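Asker: Submitted below is the structure of interest, expressed as structure tokens.
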Amino acid sequence: MKNKAVFSCIRMLLLLVVLVSIISQGTSQAKVVNQLLAVVGNQIITTRDVMQAVYLEYGQRQFSQLSREGQEKEKQKQLRKLVDDILLAQLAQKKGIDVTDKEVDLTIKRVMEQNKMSDEQLKIALKQQGMSMENYRNKLVRDLLRTKLINQEIKPHIILPDQEILDYAKKNNLFPEHEAQVTLAQILLPPAKTEAEKDKLKKTVAEIKKRLKKGESFASLAREFSVGPAAESGGKLGNFNKGQLLPEIEAVAFGKLPVNQISDIIQTRVGNHLIMVLRRSDPQGSQTLESLSPEVEARIKSALFARKVKAELDKMLEKQRREVPVKYMGN
1 MKNKAVFSCI RMLLLLVVLV SIISQGTSQA KVVNQLLAVV GNQIITTRDV MQAVYLEYGQ
61 RQFSQLSREG QEKEKQKQLR KLVDDILLAQ LAQKKGIDVT DKEVDLTIKR VMEQNKMSDE
121 QLKIALKQQG MSMENYRNKL VRDLLRTKLI NQEIKPHIIL PDQEILDYAK KNNLFPEHEA
181 QVTLAQILLP PAKTEAEKDK LKKTVAEIKK RLKKGESFAS LAREFSVGPA AESGGKLGNF
241 NKGQLLPEIE AVAFGKLPVN QISDIIQTRV GNHLIMVLRR SDPQGSQTLE SLSPEVEARI
301 KSALFARKVK AELDKMLEKQ RREVPVKYMG N
């Protein structure tokens, strides 16, 4: 009860401060109501804070083109983000992390250099978004505190196992694709038209398979039985991609015939073929870390790293929400 009374007192004081601020703006800005939207610990968030965040994200013109529902949704999103930013900044400070004026100055200098802006041009740009230099510096302090918190408290503890990288690459089809290819050898036997020729063919095939089972090599049998031009080289035909073989042979070579196992007879216009697949490449290629290009591997690591950083930040935020009172006005 005591804590509740103290919080109510603080809330009333903060409301008074905001009301005085509104009144002091004068009648020329009477239509602009700077309402108190949330209190995070001992820090307040007002309508002006949220609108400044919205305009930095969208720009006034683009935001004005959103529907009323879209504008309200964006304002709520930026309010929640401001609450989270303040919670993380408070956590960083609690852990002894701080940001110096010099660091803020250097950050502003980098922003101006990247955008080729002068100090005066930056002030004008901020004013157009309804933000003062002081408020901009406060935002940069929160951003830098968040970055330091990540660098000091999260990054050193993140590990990316090789298996996680491989799983991500497989799930997102990031391994390089290679055209399917086979290395073939064959024993070409003459066409069999008459019954006698067909009977002789069956006996020849049976003998070849029998001698293969006994341990003779496919190459030696090709030299003995094949009538094709590759007989002298042990029946080796070379490497083939799809579309380079007779359709009947391609169906078997790129089908389910196991590597280093002889096929059944394949009849074509050329003759009767016994083929052996000496090697068959996987269309996916080798799915190892070494097969990933450095750029792809770096992209995967970056994505996984960002995912883990976010998960740890979410845990920190959840803990902060339990420890730091956050009050949304009107709730």
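Residue numbering for the sequence shown follows the working numbering, starting at 1 and increasing by one per position.
Ideal Cβ positions, reconstructed from N, Cα and C, are used throughout, including at glycine.
If you're wondering where the values come from, they're calculated on a predicted model, not measured in any experiment.
CA-CA distance, R142 and S293?
Answerer: Taking the straight line joining both Cα atoms gives about 37 Å.
Asker: Secondary structure at F225, three-state DSSP: helix, strand or coil?
Answerer: Residue state, collapsed to three classes: helix.
Asker: Taking only the alpha-carbon atoms, compute the straight-line gap between A219 and A253 and give it to the nearest angstrom.
Answerer: Approximately 18 Å between the Cα atoms of the pair.
Asker: Excluding sequence positions up to five away, which residues of its chain have a Cβ less than 7 Å from the Cβ of L66?
Answerer: Only E74 meet the Cβ criterion.
Asker: Measure the alpha-carbon distance for S217 versus L304 and round it to whole angstroms.
Answerer: Going from the Cα of S217 to the Cα of L304 covers about 50 Å.
Asker: Rounded to whole angstroms, what is the Cα-Cα separation between A347 and I187?
Answerer: Outside the displayed range of the chain (1 to 331) lies residue 347, so it cannot be described from this structure.
Asker: Run the CB neighbour count on N115, radius 10 Å, all protein chains shown included, and call it buried at 16 or more, exposed below.
Answerer: By the neighbour-count rule (16 or more Cβ atoms within 10 Å), N115 is not buried but exposed.
Asker: R146 and D85 look like a contact to me (Cβ under 8 Å); what is the Cβ gap, rounded to whole Å?
Answerer: Their Cβ separation, rounded to whole angstroms, is 7 Å, which keeps R146 and D85 in contact under 8 Å.
Asker: Considering just the uninterrupted stretch of the beta strand (DSSP E) at A38, what are its terminal residues?
Answerer: That run of the beta strand (DSSP E) goes L36 to V40.
Asker: With which residues is R280 paired in a DSSP beta bridge?
Answerer: According to DSSP, R280 bridges with V182.
Asker: Exposed or buried, which one is M276 when buried takes at least 16 other CB atoms within 10 Å?
Answerer: Buried, by the Cβ-count rule.
Asker: Ignore the nearest five residues each way along the sequence and tell me which others in I300's own chain have a CB closer than 7 Å to its CB.
Answerer: Once the five neighbours on either side are set aside, the close Cβ partners of I300 are I165, Y168, A169 and L174.
Asker: Indicate whether L345 and V54 have their beta-carbon atoms separated by less than 8 Å.
Answerer: Past the boundaries of the shown model lies residue 345; the chain is included only from 1 to 331, so the question cannot be answered.
Asker: Does the Cβ-Cβ distance between L184 and L278 come in under 8 Å?
Answerer: Yes, the Cβ-Cβ distance between L184 and L278 is below 8 Å.
Asker: Taking L56 and T47 to be in contact with their CB atoms under 8 Å, please state how far apart those CB atoms are, rounded to whole angstroms.
Answerer: Rounded, the Cβ-Cβ distance is 15 Å, inconsistent with contact.
Asker: On a Cα-Cα basis, can you pick out the residue from K123, V205, A306 and L274 that is closest to E250?
Answerer: When only C-alpha atoms are compared, the closest one is L274.
Asker: With the cut-off set at 8 Å, would you say L126 and M133 are in Cβ contact?
Answerer: The answer is yes: Cβ separation under 8 Å.
Asker: Taking 8 Å as the threshold, find out whether the region 261–273 comes into contact with the region 191–207 through three or more Cβ pairs.
Answerer: Segments in contact, yes.
Asker: Might you give, ordered along the chain, the residues of its own chain that have their beta carbon closer than 7 Å to the beta carbon of N135, omitting 5 neighbours on each side?
Answerer: Result list for N135: Q52, in chain order.
Asker: Compute the beta-carbon to beta-carbon distance between I108 and L149, rounded to the nearest angstrom, for a pair I have assumed lies under 8 Å.
Answerer: So it is not a contact: roughly 21 Å between Cβ atoms.
Asker: If you compare alpha carbons, which of Y328, L313 and R321 is closest to E153?
Answerer: Of Y328, L313 and R321, the residue nearest in Cα terms is L313.
Asker: Pull up the DSSP beta-bridge partners for I262, would you.
Answerer: In the DSSP output, where bridge partners are listed per residue, I262 has M276.
Asker: May I ask which residues mark the beginning and end of the beta strand (DSSP E) holding T46?
Answerer: Looking at the DSSP string, the run of the beta strand (DSSP E) that includes T46 is Q43 to T46.
Asker: Within this structure, are the beta carbons of Q289 and E297 separated by less than 8 Å?
Answerer: Per the sequence shown, the amino acid found at residue 289 is Leu instead of Gln. Yes. Within cutoff.
Asker: Leaving out the 5 sequence neighbours to the left and right, which residues in its chain are closer than 6 Å to S233 when beta-carbon positions are compared?
Answerer: Nothing listed; no residue qualifies.
Asker: Measure the C-alpha to C-alpha separation of V104 and Q93 and round it to an integer number of angstroms.
Answerer: Whole-angstrom Cα-Cα distance: 16 Å.
Asker: Specify the secondary structure class of T27 as computed by DSSP and reduced to three states.
Answerer: Since pLDDT at T27 reaches only 34, below the 50 mark, its modelled position is unreliable, and no value is offered.
Asker: State the CB to CB distance for the pair N260 and Q181, rounded to an integer number of angstroms; the pair is presumed to be in contact (CB under 8 Å).
Answerer: About 16 Å; that fails the 8 Å criterion.
Asker: If you drop the 5 nearest sequence neighbours on each side, which residues of the same chain put their C-beta closer than 8 Å to that of L15?
Answerer: In this prediction, L15 scores a pLDDT of 37, lower than 50, which makes its location untrustworthy; the coordinate-derived value is nonetheless stated afterwards. Counting only Cβ-Cβ distances below 8 Å, and skipping sequence neighbours, we find L36.
Asker: In the DSSP output, what is Q267 paired with across the bridge?
Answerer: In the DSSP output, where bridge partners are listed per residue, Q267 has N272.
Asker: Pull up the distance between the alpha-carbon of V40 and that of F63, whole angstroms please.
Answerer: Between V40 and F63, the C-alpha separation is close to 26 Å.
Asker: May I ask you to report which of helix, strand or coil DSSP gives N115?
Answerer: Three-state DSSP puts N115 in coil, outside helix and strand.
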